[in-house]
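In the UniProt record's numbering, the protein residues as written are 1 to 304. Positions of the beta carbon are idealized from the N, C-alpha and C atoms, including for glycine. In what follows, a single structure is set out as structure tokens and then discussed.
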């Protein structure tokens, strides 16, 4: 949607360039995921620096004695550090938080004073299912609420505000995947369950929406004769073209799924009343397409 919007406003109509940018945006979600995992890794490692600092004290406090370096050998973190895919992607994306070490330090400072961390240090169970609880705590209660982390991701990843939910889902999937005491059996989360299929879908939806844009625009124009063209938001037009493309060209996607998806997108990315407008226009276009026999869905209930 965002790439089609940029394409519509651009004088450069080289589809391949925009398709390349589209897949780069998809790739950035995975890059953001690796940056986040690496941040958790760095926070765990920071306990060593913290311990060295406290060891230099002439008179260590009782709390200093409690704060061990246990987190650095956390079973989940150790499994992550032995994950070949993780290591390869850290290298590929050139991930390093050294550009702003204050972020790692501030996250650990918040963690160090938390009840959850002090309880973790007293816990004797070193199984991965027990040990990953504190990593979940760091991610959910500190990292996701960190203004500094938010700022870094906003600067590095243009679609951070949209992709944040996907990132949370991928991290949650990682915690679920990492359940074996044998590191080699623990797998990172995939961006999608079947990337080869999704990659083909993304490419075809993008190209077909452009390829048939004039035809789809005529369908829209026939149902918006009482509307002045400049009163219809460009985003609404793009969303309707995409929806029409799905209805006609993707036989395995249920009609209801397509309609509901674009109505939801309009609520987030377009004007206040766009969802009602888009719903009404698409319903009329769908009725005509059905009469013309152009909606060919393969499977039970896909046309309802």
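- Judged by beta-carbon spacing, residue 79 lies beyond the 7 Å limit of residue 249, meaning their Cβ atoms are not closer than that value.
- Distance check between residue 282 and each of 241, 176, 235 places 241 closest, using alpha-carbon atoms only.
- In this structure the segment 163–177 does not lie against the segment 104–122, because fewer than three pairs of beta carbons, one per stretch, are closer than 8 Å.
- CA-to-CA, the gap between residue 92 and residue 85 works out to about 10 Å.
- A Cβ-Cβ separation of about 5 Å places residue 72 in contact with residue 47 under the 8 Å criterion.
- Fully contained in the segment 105–149 are the following alpha helix (DSSP H) runs of length 4 or more, in chain order: 115–122, 128–137.
- In this structure, the straight-line span from the alpha carbon of residue 70 to that of residue 121 is close to 7 Å.
- If you draw a 10 Å sphere on the C-beta of residue 182, you find fewer than 16 other C-beta atoms in it, and that means exposed.
- By the CB criterion at 7 Å, residue 266 and residue 289 fall outside the cutoff.
- Residue range 274–291 is occupied by the alpha helix (DSSP H) that includes residue 280.
- One thing to note: residue 131 has its Cβ within 7 Å of the Cβ of residue 74.
- CA-CA distance, residue 258 to residue 38, rounds to 36 Å.
- Put simply, the segment 207–215 does not touch the segment 165–176. Fewer than three CB pairs are less than 8 Å apart.
- Assigned with DSSP and collapsed to three states, residue 97 falls in helix.
- Annotation: residue 20 to residue 126 spans about 45 Å, alpha carbon to alpha carbon.
- The alpha helix (DSSP H) runs of length 4 or more contained entirely in the segment 203–257 are, from start to end of the chain, 213–222, 234–249.
- Residue range 160–177 is occupied by the alpha helix (DSSP H) that includes residue 169.
- Residue 201 and residue 193 have their C-alpha atoms spaced approximately 13 Å apart.
- DSSP places residue 18 within a helical segment (H, G or I) once states are collapsed to three.
- About 7 Å separates the beta carbons of residue 128 and residue 179, which is inside the 8 Å limit, making them a contact pair.
- For residue 53, the three-state secondary structure derived from DSSP is helix.
- Going by C-alpha positions, residue 263 is about 12 Å away from residue 272.
- In this chain, the alpha helix (DSSP H) harbouring residue 77 covers 75–81.
- CA-CA distance, residue 196 to residue 190, rounds to 12 Å.
- Taking C-beta atoms as the reference points, residue 42 and residue 97 count as a pair closer than 7 Å.
- Within the same chain, and ignoring the five residues on either side of residue 141 in sequence, the residues whose Cβ sits closer than 8 Å to its Cβ are 114, 116.
- With a cutoff of 7 Å on beta-carbon distance, residue 28 and residue 157 are scored as near each other.
- Straight through space, the alpha carbons of residue 33 and residue 40 are spaced by roughly 11 Å.
- At a Cβ-Cβ threshold of 7 Å, residue 136 and residue 175 count as neighbours.
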